[in-house]
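The sequence shown begins at -16 in our numbering and counts up one residue at a time. We put the CB at the ideal spot given by N, CA and C, even for glycine. Read through the structure below, which is laid out as structure tokens, and then see the notes.
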Amino acid sequence: MQESKRQKQIGQLLQKELSDIFQRMGFNVLEGGMISISAVRMTPDLLEARVYLSMFQIADNHAMVNRIKERMGEIKKELGHRVGKQLRRVPELSLFLDDTLDYVFKMEELFKKIKDDEGGKENK
């Protein structure tokens, strides 16, 4: 089902504000890795936001998500202060891992391996 214009607008607003909140709380750069919010998808009633986190060079992604969830009350409170004028209720935030970056790296490795294999066959 396609998102409505309002869902997209609220999703983009939340993505921008959450990115800023993460930066201020120090979540964007941790342990030599980076965390970014790749997307925010809203339910049609605007009461739930699915926040997709992209993690780069983080050793344990699931442990990092749990660390963020521990501070979710703080995050939601700050988000309420920022978007209180645009929304009646601050939506419930559900965190999900966005593994497209991992997928891209795996595909690049496969293509490199195929290229190397073809290069070895041509030399024989």
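Item to complete: Can you tell me which of the three DSSP states I108 falls into?
Response: One cannot answer for residue 108 here, as it falls past the ends of the chain, which runs -16 to 107.
Practice prompt. Check L36 in the structure and name its three-state DSSP category.
Written response: strand
Worksheet item: If you draw a straight line from the C-alpha of I58 to the C-alpha of D3, how long is it?
Response: 11 Å
Fill in: Residue(s) in a DSSP beta bridge with R24
R33
Worksheet item: Tell me, which residues are paired with S19 by DSSP?
Response: S37
Worksheet item: From F10 to K95, what does the alpha carbon distance come to, in whole angstroms?
Response: 33 Å
Worksheet entry | F10, DSSP secondary structure in three states | coil
Worksheet entry | Status (buried if at least 16 other CB within 10 Å, exposed otherwise) for E0 | buried
Item to complete: Within its chain, find whatever has a CB closer than 6 Å to the CB of M38; leave out the 5 residues flanking it on each side and keep chain order.
Response: I18, N44
Worksheet item: What's the call for P27, buried or exposed, on a 16-neighbour Cβ count within 10 Å?
Response: exposed
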